[in-house]
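*Asks:*
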Amino acid sequence: MAAGSKIVPVILAGGSGTRLWPISRDSLPKQFLPLSTSGGTLYQDTLQRVAPGEMFASPIIVTNEEFRFFAQRQAREVGIEPTVLLEPVRRDSAPALIAATLLAQSLHGDEATLLVLAADHVIGDTGLFHEACRKAHGAAKLGNIVTFGITPTEPRTSYGYIRRGAALNGGSAAQVEAFAEKPTADVARDYVEAGYLWNSGNFLFPAHVMLEEAEGFEPEIVDAVRRAVTTAKNDLGFCRLGADFHAAPSLSIDYAVLERTSRAAVVEGNFPWSDVGSWNAMREIGETDEFGNVQRGPVRVIDAENSYVHSEGPLVAAIGVSGLSVVATGDAVLVMPSERSEEVKHLVASLKKERRNEANEHPKCHRPWGSYETINLGGRFRVKKIIVDPGERLSLQKHHHRSEHWIVVRGTAEVTVNEKVFMVQENESTYIPLGAVHRLTNPGRIPLELIEVQVGSYLGEDDIVRLDDVYNRVEAPAAVAVS
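Sequential numbering from 1 applies to the sequence shown in the UniProt record's numbering.
Right, dumping it as structure tokens:
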């Protein structure tokens, strides 16, 4: 394709993905986790599927403040430099997609064509996916918003469906007669027998067509988002939308446009596809043994069949089980019949209602500079393992209720305590008194690993006063202590 006619990928990467709890949580959702059979993350697989080249332009990533460094860092790891668009607040997919559409027009012209993809889907055949994109591009040139329908392999109650109408573009696409919500089991069988397609939730369209339809159906959303794009600012290489984005009503693009427009079309995708929406789906896309089991991590199974066993740390052993999903992390274990995996979201909702930290946070918390992990917690002490990436630094900060001891176990630390700056080598330690202004920096070329022992009357994660931060993070009462 000529440069001006390249498809602009837009990847929506701001979701929480709690249906794969306890591995996927609000603080680090499934799209940024190495759940792919390729060894990378689902987000990285999506990026590589639409890598810049003959067909695709550089991608636009839509995410939020919490995930911005994941989105940027993981893209660079696979050699892609995207434009990362930051939502100041979550407003569902319609405002996010309209913002990306307006940005794409500013970068590529009013006639830009966009391909909108979820960051966490699995597509088993890139060649067939590209073929479907070419067909969709042809139908989009006729003024259509083209969704990708997937040939069903069986009746599913977890997917929406699409009923096709008259053929378009020489039969390579069809009009959408109707979108159908997630059905009951009996209705799903009827849909499959009638030739309905699964709705993948991915679609391709000319920018001006989407904006015309959105302005007709939801002018309030378009007006607020347009103002937010106009006042967007560059922040450390991210495109941060303006405050007017808050005024946009929260609405999905399905309800805002797709289910109301007369310009919806569908291309049948014959490629293997999954939205990885449950642990049962993870078993289906995984590599099974001769008994239908999928095993990931330190796992041993004996006399088991058709089960998914996944561990992020402790050894998990299963004997004589059938049709189970067993998922273990450092702080939670999930055991259930695989057929009930859709109910995980209800479990997570109840955990959040009880204010259980396991519902939202991982034991290992990632930050722009590296990560930290709590390894022991008592009434007046907390022990953490901290890893600072080469060349990175924490914020300049102080605490009101605790002192800290730092012991370096690998690498070299540059430590600031009040007016003093000094180096701490491996097997050396230093003390940070209560109230002292301090900062930790890794000046070396290998990761800095240290153990932090906090002692004090209050060890909450909100005991921080941040004085300076190279990542331009906004100070808030709930800021993380070692951020």
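Idealized CB from N, CA, C, for every residue including glycine.
Remember, it's a predicted structure, so these values are computed and weren't measured experimentally.
1. Distance check for R134 and S483, CA to CA, integer angstroms please.
2. If we count Cβ pairs, one from each stretch, closer than 8 Å, do we get three or more for the segment 10-18 versus the segment 97-104?
3. Does the beta-carbon of K6 have 16 or more other beta-carbons within 10 angstroms, so that it is buried, or is it exposed?
4. I need the boundaries of the beta strand (DSSP E) containing N306, first residue and last residue.
5. DSSP three-state label for K398, please.
6. Who are the Cβ neighbours of A57 in its own chain at under 6 Å, not counting the five residues just before and after it?
7. Where do the N-terminal and C-terminal ends of the beta strand (DSSP E) with G370 fall, by residue?
8. If we ignore side chains and look at the alpha-carbon of each, how far apart do A478 and P433 end up?
9. Kindly indicate the opening and closing residues of the beta strand (DSSP E) around R439.
10. Just tell me which of A264, P368, S403, R466 has its CA closest to the CA of D254.
11. With a threshold of 7 Å on Cβ separation, who are the neighbours of A119 within its own chain once the five nearest residues in sequence on each side are excluded?
12. Select from G379, R445, F422 the residue whose C-alpha is nearest the C-alpha of S457.
13. What's the gap between the Cα of E414 and the Cα of G143?
14. Using the three-state DSSP reduction, which class does Q425 fall into: helix, strand or coil?
15. Counting along the chain, where does the beta strand (DSSP E) carrying F381 start and finish?
16. Determine the DSSP secondary structure at P29, reduced to helix, strand or coil.
17. Using the Cα positions of T374 and V176, report the straight-line distance between them to the nearest angstrom.
18. Kindly indicate which three-state DSSP category R340 falls into: helix, strand or coil?
19. Return no unless some Cβ of chain D is closer than 9 Å to the Cβ of A436.
20. What separation, rounded to the nearest whole angstrom, lies between the Cα atoms of M210 and N199?
21. Would you kindly work out how many angstroms separate the C-alpha atoms of K141 and L114, rounded to a whole number?
22. Starting from G127, trace the alpha helix (DSSP H) both ways and give me its first and last residue.
23. Take the Cβ of G460 as the centre, count every other Cβ of all protein chains shown within 10 Å, and call the residue buried at 16 or more, exposed below.
24. Can you list, in chain order, the stretches of the beta strand (DSSP E) that have 3 or more residues and sit fully within the segment 135-216?
25. In the DSSP assignment, find the unbroken beta strand (DSSP E) run with S325 in it and report its ends.
26. Between which two residues does the beta strand (DSSP E) containing R466 stretch?
27. Rounded to whole angstroms, what's the CA-CA distance from F245 to R227? Just pull it up for me.
28. Taking a contact to mean a Cβ-Cβ separation below 9 Å, would you say R466 touches P390 in this structure?
29. Can K384 and E449 be called in contact, C-beta distance under 9 Å?
30. Assign V266 to one of two classes, buried (16 or more other C-beta atoms within 10 Å of its C-beta) or exposed (fewer than that).
*Replies:* Inspection of the coordinates gives the following:
1. Locating residue 483 in the sequence shown gives position 483, where the first residue counts as 1. Locating residue 134 in the sequence shown gives position 134, where the first residue counts as 1. Residue placement at S483 cannot be trusted, given a pLDDT of 46 that sits under 50; what the coordinates show is reported in the next sentence. S483 and R134: Cα-Cα distance of roughly 45 Å.
2. yes
3. Residue mapping note: residue 6 aligns to position 6 of the sequence shown, counting from 1. Its Cβ being crowded by 16 or more others within 10 Å, K6 is buried.
4. Here the question's residue 306 lines up with position 306 in the sequence shown. N306 -> no beta strand (DSSP E), and no H or E assigned at all.
5. Looking up residue 398 in the sequence shown gives position 398. Residue state, collapsed to three classes: strand.
6. In the sequence shown, counting from the first residue as 1, residue 57 sits at position 57. Within the same chain, A57 has close Cβ partners K6, V8.
7. In the sequence shown, residue 370 corresponds to position 370, counting from 1. G370 -> beta strand (DSSP E) spans 370-377.
8. Numbered from 1 along the sequence shown, position 478 holds the residue referred to as residue 478. Numbered from 1 along the sequence shown, position 433 holds the residue referred to as residue 433. Legend: pLDDT at A478 = 38, less than 50; position of this residue unreliable, value from coordinates given subsequently. Each residue's alpha carbon lies about 22 Å from the other.
9. Within the sequence shown, the letter at position 439 stands for residue 439. Counting along the chain, the beta strand (DSSP E) containing R439 begins and ends at 438-441.
10. Counted from its first residue, the sequence shown places residue 254 at position 254. Nearest neighbour of D254 by Cα position, chosen from A264, P368, S403, R466, turns out to be A264.
11. In the sequence shown, counting from the first residue as 1, residue 119 sits at position 119. Hits under 7 Å: I11, L12, A13, Q31, L42, Y43, T46.
12. Sequence index remark: in the sequence shown, residue 457 carries index 457 (1-based). It is G379 whose Cα lies nearest to the Cα of S457.
13. By one-based count along the sequence shown, residue 414 stands at place 414. By one-based count along the sequence shown, residue 143 stands at place 143. Whole-angstrom Cα-Cα distance: 59 Å.
14. Mapped onto the sequence shown, residue 425 falls at position 425. Coil at Q425, not helix or strand.
15. In the sequence shown, counting from the first residue as 1, residue 381 sits at position 381. F381 -> beta strand (DSSP E) spans 381-388.
16. To locate residue 29, count along the sequence shown from 1; it is residue 29. If DSSP states are grouped into helix, strand and coil, P29 belongs with coil.
17. Your numbering for residue 374 matches position 374 in the sequence shown. Your numbering for residue 176 matches position 176 in the sequence shown. One C-alpha to the other measures close to 51 Å.
18. Taking the sequence shown and counting its residues from 1, one reaches residue 340 at position 340. Note: R340 maps to helix in three-state DSSP.
19. The structure shown contains no chain D, having only a single protein chain.
20. Here residue 210 corresponds to residue number 210 of the sequence shown, with the count starting at 1. Here residue 199 corresponds to residue number 199 of the sequence shown, with the count starting at 1. The alpha-carbon atoms of M210 and N199 are separated by roughly 19 Å.
21. Within the sequence shown, numbered from 1, the residue matching residue 141 stands at position 141. Within the sequence shown, numbered from 1, the residue matching residue 114 stands at position 114. Those two C-alpha atoms are separated by around 12 Å.
22. Sequence index remark: in the sequence shown, residue 127 carries index 127 (1-based). That run of the alpha helix (DSSP H) goes 126-140.
23. The residue you call residue 460 lines up with position 460 of the sequence shown. With fewer than 16 Cβ atoms within 10 Å of its Cβ, G460 is classed as exposed.
24. 145-150, 161-168, 173-180, 197-206
25. For this step, residue 325 is matched to residue 325 along the sequence shown. Here the beta strand (DSSP E) through S325 covers 324-328.
26. As a position in the sequence shown, residue 466 is number 466, starting the count at 1. 465-468 is the extent of the beta strand (DSSP E) around R466.
27. As a first step, residue 245 must be located in the sequence shown, where it is residue number 245. As a first step, residue 227 must be located in the sequence shown, where it is residue number 227. Rounded to whole angstroms, F245 to R227 spans 8 Å at the Cα level.
28. Here residue 466 is taken as the residue at index 466 of the sequence shown, counted from 1. Here residue 390 is taken as the residue at index 390 of the sequence shown, counted from 1. Contact: no.
29. Position 384 of the sequence shown holds residue 384. Position 449 of the sequence shown holds residue 449. Against a cut-off of 9 Å, the Cβ pair of E449 and K384 comes out as no contact.
30. In the sequence shown, the residue the question calls residue 266 occupies position 266. Label assigned to V266: buried.
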